[in-house]
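What follows is one structure encoded as structure tokens, with my remarks underneath.
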Amino acid sequence: MRMAHMTESNVTENEVMASQPDVDVADPVDTAAAATGVAVDLPEQQLTELGATVGEVRCADPYVVAENVNVHYGDNHAIQNVTLEISKKEVIALIGPSGCGKSTFLRCLNRMNDSIESARVTGRITLGGQDIYSKEFDPVALRARVGMVFQKPNPFPKSIYDNVAYGPRIHGLANDRAELDDIVHNSLERAGLLKEVKDRLDEPGTGLSGGQQQRLCIARTIAVNPEVILMDEPCSALDPIATARIEDLMDELSEDYAIVIVTHSMQQAARVSKRVAYFHLGLLVEVDETDTIFTNPRHKLTEDYITGRIG
Amino acid sequence: MLSSIETRKRVEAGLARRHRRERLFKFSGMLATTVGVVFLGVFFLDLFAKGSSAFVQTHLRLDVEFSADVIAPGGELDIAYADFDGLVRSALRAEFPEVTGRGDRRELYRIVSSSAGYQMQDMIRQDAELLGARQAIWFPAASTVDMYIKGNIDATLDESLRPMSDQQIAWVESLRERGHLETHFNRALFSNGDSRDPELAGIKGALMGSFYMLIVTVVLAFPIGVAAAIYLEEFAPRSRWSDLIEVNINNLAAVPSIVFGLLGLAVFINWMGIPRSAPLVGGLVLSLLTLPVIIIASRAAIKAVPPSIREAALGLGASQMQVVFHHVLPLALPGMLTGTIIGMSRALGESAPLLMIGMVAFIVDVPGGFSDPATALPVQIYLWADSPERAFAERTSAAIIVLLGFLLLMNLAAVIIRKRMEKKW
């Protein structure tokens, strides 16, 4: 009952939006998308349809809830009225052509956009019912609960041990050295890296291979014991073997964490995620179960994208 | 659309021209480098040719008697008022018994440095046992003798045109033949303060003055500069104010240094009442001078820290302060230190602002603290370069060599710090 009502209000919202479609088209933001010629080729009527997200943005047992999120970078309207629910133990993949706003949306979920001065986020994002953009919510506490793995492996230029121990140290998670050792070992173990590095924990993390570095970053993230892990194209700089390892890892981690992954690889989305959200020009076009999206997309744009006609 | 053959033809037609341009560019680059190196080489050669002789000093050996009649007239030592100069003179007379006329003797006395008496005084003060002893002592020769020995006085010139008479030259030559005249390492250059007599003038006073000033400068300018850079780069919101501050810092770096000297005179000496000529006030002025340099270098070093490191720390829940102190600073520190050392070497070589705050005074005593009157190495160079005595010319070059040595050391330290501390990722 509640869901039905919400969906309805969503539609009215989107209708309001649709009355000013000039923003989406004229926006020079999306140079990448514009370069593919999509914006030009799109029939007028379809653009107005863009406002409404098709599929199912709601889920059972939602934990992270984004309601009508808009992000502006200065004059640039990067994300428009995105509503999406993410449940506690699922992997959801955000896909879409370059510059479609999927990374921007991801960075809203742990307020990484705060560090960009021109960024302005409106709407409401809740984590376990608390509004993360409210004044009382400290971004430091938020980021301890919502971890992030970046596109390029970015270990600190410190030892492997210190890389993993950094989060627990700053948050005071360990009472003594033995506890810290435990956390570091467990995190490395869960990230599938312990076997490879256990004899050289004091060597610099930057000396590892790309795939190992990325797993080190994942270990570093889970050492803080977050509730949600955001991954921004975590495999784009890795070779297929390292990618496969990370994907296996995501599978295991999804038993304990909600994982939101941005990816350019549709195969990857198909392999790792339970649900898929398709973004286009700052709009959330379609959300559904992974199987449904890839076998039976409802929106024309989604279909074009997954069949390779866009992007 | 061109045919592939036509494309290849056009590419090949242009190749010769491209290669020619490349060769020309390489050649002009090499030419520019060579010109620079040649100028530098000429400068150094000239400096060393002129200055290296200042590191040795002519000394002459005299048999002096620590005569008890003169030093302890009533059986009691009278070091302060005893006529040590007279003892030196009688030793000279004994060396040349044939010189009898008053005028001739006066001329004879001038071949030994006026410090000879003081040297004897110091010796007896340290060892009272010397009383009554007869001893051979090496005294520094007068600067004219020194110049003659080093070949800077042309004996073939007419007597009236040179600072040494024929007689004096003959005495010096006779001393040389007897082995009573040698050149020794010029200890006075490094152990004395300034003096009107070139053979006694040293750079220790100036060195210590520069040293105290640099201490003040580094203690003030490094923390303030780094703190300002961190605030401006990491915490200050981008606004018209921060832009204004940035432009002004860049402008300050280009302000002529004498203006800072005037500011120091007005603010530190006239208003705050800090004693003039003191290393403290010099250090304050030099801090103002180097602050913009340190801030600019530190900001550049902070900017060079890859944003991915910041994001990684932020993403783990580090606060802004933790990001800066745990990650940005350690990576930026080598750059900051390099900038600071380069700023310091600029401060070390600066003379103009010191002229405005009284550090150009003639100061004989070696300063013992931050508020003692002092001068600085570059100012000492300026003072000596201005002195008429021929012997000061080589000392000027020697002081420049010492200053360049310190600059070289500091810049070397900057390079080593950068190499050592630089982390790779």
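In order, the protein sequence lines correspond to chains A and B. Here numbering that gives the first Met the number 0 is used: position 70 in the first sequence is 69, and no number is missing along the way. Here numbering that gives the first Met the number 0 is used: position 235 in the second sequence is 234, and no number is missing along the way. Where is the CB? At the ideal position from N, CA and C, for every residue including glycine.
Could you give the first and the last residue of the continuous beta strand (DSSP E) run that contains residue i?
i	result
residue 343 of chain B	No beta strand (DSSP E) contains residue 343 of chain B, which is instead part of the alpha helix (DSSP H) from 328-347.
residue 94 of chain A	90-94
residue 274 of chain A	274-279
residue 143 of chain B	Where residue 143 of chain B is concerned, there is no enclosing beta strand (DSSP E), although the alpha helix (DSSP H) it sits in stretches over 142-148.
residue 137 of chain B	133-139
residue 261 of chain A	257-261
residue 282 of chain A	282-288
Taking DSSP's pairing of strands, which residues face residue i in a bridge?
i	result
residue 146 of chain A	A:228
residue 182 of chain B	B:57
residue 130 of chain A	A:125
residue 371 of chain B	Per DSSP, none; premise fails for residue 371 of chain B.
residue 63 of chain A	A:85 and A:126
residue 63 of chain B	B:134
residue 54 of chain A	A:286
Pull up the distance between the alpha-carbon of residue i and that of residue j, whole angstroms please.
i	j	result
residue 8 of chain A	residue 251 of chain B	Note that residue 8 of chain A has pLDDT 39, beneath the 50 cutoff, so the model's placement of it is unreliable and the number below is only indicative. Spanning the two alpha carbons is a distance of roughly 59 Å.
residue 78 of chain B	residue 58 of chain B	24 Å
residue 189 of chain A	residue 232 of chain B	38 Å
residue 154 of chain B	residue 163 of chain B	8 Å
residue 233 of chain A	residue 177 of chain A	31 Å
residue 217 of chain B	residue 202 of chain A	35 Å
residue 414 of chain B	residue 50 of chain B	28 Å
residue 299 of chain A	residue 112 of chain A	31 Å
residue 362 of chain B	residue 65 of chain B	32 Å
residue 103 of chain A	residue 246 of chain B	33 Å
residue 55 of chain A	residue 213 of chain A	32 Å
residue 197 of chain A	residue 154 of chain A	17 Å
residue 228 of chain A	residue 7 of chain B	54 Å
residue 61 of chain A	residue 254 of chain A	16 Å
residue 256 of chain B	residue 351 of chain B	6 Å
residue 290 of chain A	residue 416 of chain B	58 Å
residue 178 of chain B	residue 223 of chain B	60 Å
residue 243 of chain A	residue 207 of chain A	17 Å
residue 127 of chain A	residue 96 of chain A	30 Å
residue 63 of chain A	residue 256 of chain A	12 Å
residue 35 of chain A	residue 284 of chain A	Residue placement at residue 35 of chain A is flagged as unreliable, the pLDDT there being 39, under the threshold of 50; a coordinate-derived value is accordingly withheld.
residue 152 of chain B	residue 187 of chain B	22 Å
residue 25 of chain B	residue 17 of chain B	12 Å
residue 292 of chain A	residue 142 of chain A	31 Å
residue 412 of chain B	residue 340 of chain B	8 Å
residue 108 of chain B	residue 47 of chain B	32 Å
residue 173 of chain B	residue 123 of chain B	29 Å
residue 34 of chain B	residue 21 of chain B	20 Å
Just curious, the alpha helix (DSSP H) that residue i is in, first and last residue?
i	result
residue 18 of chain B	3-50
residue 354 of chain B	351-355
residue 287 of chain B	278-302
residue 258 of chain B	256-263
residue 303 of chain A	299-305
residue 169 of chain B	165-176
residue 270 of chain A	265-271
residue 249 of chain B	239-252
residue 250 of chain A	239-252
residue 69 of chain B	67-70
residue 314 of chain B	306-314
So residue i and residue j are supposed to be a Cβ contact under 8 Å. How far apart are they, rounded?
i	j	result
residue 420 of chain B	residue 332 of chain B	6 Å
residue 264 of chain B	residue 358 of chain B	Actually they do not touch by this definition, with Cβ atoms about 11 Å apart.
residue 285 of chain B	residue 346 of chain B	4 Å
residue 471 of chain B	residue 409 of chain B	A query on residue 471 of chain B cannot be resolved here, the shown segment of chain B reaching from 0 to 424 and no further.
residue 204 of chain A	residue 157 of chain A	6 Å
residue 63 of chain B	residue 183 of chain B	Actually they do not touch by this definition, with Cβ atoms about 17 Å apart.
residue 192 of chain A	residue 182 of chain A	So it is not a contact: roughly 14 Å between Cβ atoms.
residue 214 of chain B	residue 401 of chain B	Residue 214 of chain B to residue 401 of chain B, Cβ: 18 Å. No contact.
residue 90 of chain B	residue 110 of chain B	At roughly 12 Å, the Cβ-Cβ gap does not stay under 8 Å, so residue 90 of chain B and residue 110 of chain B are not in contact.
residue 313 of chain B	residue 219 of chain A	That belief does not hold up - the Cβ atoms of residue 313 of chain B and residue 219 of chain A are roughly 13 Å apart, past 8 Å.
residue 223 of chain A	residue 146 of chain A	6 Å
residue 360 of chain B	residue 374 of chain B	7 Å
Is any beta-carbon of chain E found at less than 8 Å from that of residue i?
i	result
residue 102 of chain A	Of the protein chains in the structure, A and B, none is chain E.
message: Suppose only complete runs of 4+ residues qualify. What are the alpha helix (DSSP H) ranges in the segment 199-234 of chain B, listed by chain order?
response: 203-229
message: Please give me, in chain order, every unbroken run of the alpha helix (DSSP H) with length at least 4 that falls completely inside the segment 159-219 of chain A.
response: 159-170, 176-189 and 193-196
message: I'd like the ranges of any alpha helix (DSSP H) spanning at least 4 consecutive residues and lying wholly in the segment 373-397 of chain B.
response: 376-384
Minimum length 3: unbroken beta strand (DSSP E) runs contained in the segment 66-126 of chain A: 75-86, 90-94 and 118-126
query: Taking only runs of the alpha helix (DSSP H) that begin and end inside the segment 80-125 of chain B, which ones reach a length of at least 4 residues, in chain order?
result: 83-94, 101-108 and 115-125
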